[in-house]
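A.B. asks: Counting from 1 along the sequence shown, just add 120 to a position and that's the residue number in our numbering.
All C-beta atoms, glycine included, are put in the ideal place defined by N, C-alpha and C.
Please read all numbers here as calculations on a predicted model, not as lab measurements.
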Amino acid sequence: MKITTEQLFILGVLLRIGFFLFGLFQDKYMAVRYTDIDYVVFSDAAKYVADDKSPYQRETYRYTPMLAWILLPVTFGGNWAHYGKAVFMLCDIITGALITEVLKKETPGSSTKDTFFQRNKTTILSAIWLLNPMVITISTRGSSESVLSCFIMLAVANLFRDQYIMSALFLGLSIHFKIYPIIYLPSIMLFLASKKPSLIKAWQNVPFLGWVNTTNLTYLVATLASFAVPTYLMYDFYGYEFLYHSYLYHLTRLDHRHNFSLYNLALYLKSAQDYLPQNLDSENLLTIALQSIEKAAFAPQIILSGLVIPLVLARRNLTACFFIQTLTFVTFNKVMTSQYFIWFLIFLPSYLATSQLLSKSNARKGSLMLLLWIASQGMWLFFAYKLEFLGESTFTELLFSSSIFFLVNCWLIGEFIALA
């Protein structure tokens, strides 16, 4: 028996429609709304744009104005209010199709003697995205993460098609939408270093310089241009407020709610500094530690995900490198919500297809990795629920839970690298 990709996609589309319709019912008849508050923010920003105003007049809009432009039809009234969700669901499905395409390039053909899993490997691994309830919920609630996922996977798919300029254009656009995809650029540069000889023969044995050739240099220029053009246009339209809200704000943001990050409690204390008694010693250790916590958090994150991991993995297994880079970036990020898990989930099918994790000898280890990840996350959610909904002071427990979740993720990163 073989499961067809057509059957998988039909089921994926039907599930998204079902979740969307249930969301309409929940919004109308239940106390807790299904629609993400971010979707309300996007829609309000689009209304400001339609009135020839800045989308940043909508408080908490921290995205490129291009997103508000894309969602302009939500201002038409009536059922057009759901237009954005339709766009996000479509991007979700396109992302699934691109994941499937990349998997087919990475997975060898099967024979009738193969096991059920081997015969259906591409389809089963694609289902990690297409049938994943978390993925479906995020897009049908109105989160824009699927737009970025789609752009990133378009960059990856075109890279494997050897359409390097097209890949670079989508990567640059991804970086414009959210700056973090820039971590993939060093990996791609290293991956393309083997495509042609060094640009200057005298440099070919020199680290870094010897890896530069016409292919990856062209890719770099095309990526930077693709980022620079829309960024300049948005700056021309909206000025400094675009740069601040889309990029600079994220350097100093202090989100401490719904945040799995190890920095969660530190950000909470930092946000409360203005309310502390003025006679406290400004040079005490706590104050010093909190001074620049939101900026210092970037150092280990960028060094590991943007430099160390590409050097170790990019030439060996590019999609595995992307997966581990992204997981590392999210793990060390000062803000980590469930939506951020989507960032590395797009690469998980490719990682599983090419790594040793799914081999019989690693079955127990794989099960343990999944169990620990879910359990440590569940522990954090338990104490977060007691804090936010029951009003109990569980800050110490949350710090402990965040630390456990962080350590589990660090162990997972090490295992993923070893099995890549």
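Residue ranges of each beta strand (DSSP E) run of no fewer than 3 residues wholly in the stretch 143-204, ordered along the chain?
C.D. replies: Complete beta strand (DSSP E) runs here, min 3: none at all.
A.B. asks: Report the residue from Y154, V432, T439 and E126 whose alpha carbon sits nearest the alpha carbon of P469.
C.D. replies: For the residues Y154, V432, T439 and E126, the minimum Cα distance to P469 belongs to T439.
A.B. asks: Can you give me the C-alpha to C-alpha distance between G486 and A473, rounded to a whole angstrom?
C.D. replies: Roughly 14 Å separates the two Cα atoms.
A.B. asks: What whole-angstrom Cβ distance do T457 and H378 have, given they're in contact under 8 Å?
C.D. replies: Contact holds; Cβ gap of about 5 Å.
A.B. asks: Using 8 Å as the cut-off, can you tell me whether the stretch 330-339 makes contact with the stretch 304-312, which would need three or more C-beta pairs spanning the two stretches below that distance?
C.D. replies: Verdict: yes, contact present.
A.B. asks: F443 and F461: beta carbons closer than 8 Å?
C.D. replies: No, the Cβ-Cβ distance between F443 and F461 is not below 8 Å.
A.B. asks: Smallest Cα separation from V276: which of F290, S263 and S266?
C.D. replies: Taking only the C-alpha atoms, the option nearest V276 is F290.
A.B. asks: In chain order, what residues of the same chain lie with their CB nearer than 7 Å to the CB of A288, ignoring the 5 residues before and after it?
C.D. replies: Around A288: Y339, A342, T343 and S346.
A.B. asks: Output the boundary residues of the alpha helix (DSSP H) element that contains L353.
C.D. replies: Its alpha helix (DSSP H) spans residues T334 to Y358.
A.B. asks: Exposed or buried, which one is Q445 when buried takes at least 16 other CB atoms within 10 Å?
C.D. replies: Q445 comes out buried.
A.B. asks: Cutting at 8 Å between CB atoms, please list the residues of its own chain near Q459, excluding the five before and the five after it.
C.D. replies: These residues qualify, in order along the chain: I258, S263 and E265.
A.B. asks: Just the Cα atoms here: how many angstroms apart are K173 and Y369?
C.D. replies: Each residue's Cα considered, the two are about 21 Å apart.
A.B. asks: Which first and last residues belong to the alpha helix (DSSP H) in which V432 is found?
C.D. replies: Taken as a continuous stretch (DSSP letters only), the alpha helix (DSSP H) holding V432 covers I429 to L433.
A.B. asks: In the structure shown, what three-state DSSP assignment does I524 receive?
C.D. replies: Helix, per DSSP.
A.B. asks: Note down, in chain order, each residue of its chain lying with its Cβ closer than 8 Å to the Cβ of E403, except the 5 sequence neighbours on either side.
C.D. replies: With a pLDDT of 49 at E403, under the threshold of 50, the predicted position of this residue should be treated as unreliable, though the coordinate-derived value follows. There are no such residues.
A.B. asks: Short of 8 Å in beta carbon distance, which residues of its chain neighbour F297, apart from the five on each side in sequence? Order them along the chain.
C.D. replies: Excluding residues within five positions, the ones whose Cβ falls inside 8 Å are Y183, T184, M186, L187, V267, L268 and F271.
A.B. asks: Consult DSSP for H296 and reduce its assignment to one of helix, strand or coil.
C.D. replies: It is helical.
A.B. asks: Taking DSSP as the reference, what is the three-state secondary structure of H365?
C.D. replies: Helix at H365.
A.B. asks: Indicate the three-state DSSP secondary structure (helix, strand or coil) for G534 in the structure shown.
C.D. replies: Looking at G534 - three-state DSSP - the assignment turns out to be helix.
A.B. asks: Identify whether K485 lies in helix, strand or coil by the three-state DSSP scheme.
C.D. replies: Here K485 sits in helix by DSSP.
A.B. asks: Just the C-alpha distance for F280 and I137, rounded to the nearest angstrom, thanks.
C.D. replies: So the alpha carbons of these two residues sit roughly 31 Å apart.
A.B. asks: Looking at the unbroken alpha helix (DSSP H) that takes in M273, where does it start and where does it end?
C.D. replies: From DSSP, the alpha helix (DSSP H) with M273 extends over E265 to F280.
A.B. asks: Quick one: what does DSSP say S402 is sitting in, helix, strand or coil?
C.D. replies: Residue placement at S402 is poorly supported in this model, since its pLDDT is 47, which falls under 50; the coordinates are not used for a value here.
A.B. asks: Should the stretch 243-259 be called in touch with the stretch 125-136, which here means at least 3 C-beta pairs below 8 Å?
C.D. replies: Touching, per the Cβ criterion.
A.B. asks: Can you give me the start and stop residues for the alpha helix (DSSP H) that P469 sits inside?
C.D. replies: Where P469 is concerned, the enclosing alpha helix (DSSP H) stretches over L468 to T474.
A.B. asks: Would you kindly report the start and end of the unbroken alpha helix (DSSP H) that includes R239?
C.D. replies: Where R239 is concerned, the enclosing alpha helix (DSSP H) stretches over F236 to R239.
A.B. asks: Counting only the same chain and skipping the five closest in sequence on each side, list residues whose C-beta sits under 8 Å from that of N453.
C.D. replies: For N453, where only same-chain residues beyond five positions count, the Cβ hits under 8 Å are S381, A417, Q421 and Y460.
A.B. asks: At which residues does the alpha helix (DSSP H) containing T446 begin and terminate?
C.D. replies: First-last of the alpha helix (DSSP H) with T446: L438 to T451.
A.B. asks: Are there 16 or more other CB atoms within 10 angstroms of the CB of T155, so buried, or fewer, so exposed?
C.D. replies: With 16 or more other Cβ atoms within 10 Å, it is buried.
A.B. asks: Rank Q146, Q476 and T260 by C-alpha distance to the C-alpha of G204 and give the top, closest one.
C.D. replies: Here the closest residue by C-alpha is T260.
A.B. asks: Helix, strand or coil for R136 per DSSP?
C.D. replies: Here R136 sits in helix by DSSP.
A.B. asks: Is the Cβ-Cβ distance between P350 and L293 less than 8 Å?
C.D. replies: Taking 8 Å as the Cβ cut-off, P350 and L293 qualify as a contacting pair.
A.B. asks: Give me the Cα-Cα distance between T220 and I302, rounded to the nearest whole angstrom.
C.D. replies: Those two C-alpha atoms are separated by around 24 Å.
A.B. asks: Comparing alpha-carbon positions, which option in S481, I466 and Y304 lies nearest I429?
C.D. replies: The shortest Cα separation from I429 among S481, I466 and Y304 belongs to Y304.
A.B. asks: Quick check: what's the CA-CA separation for F237 versus I244?
C.D. replies: Rounded to whole angstroms, F237 to I244 spans 8 Å at the Cα level.
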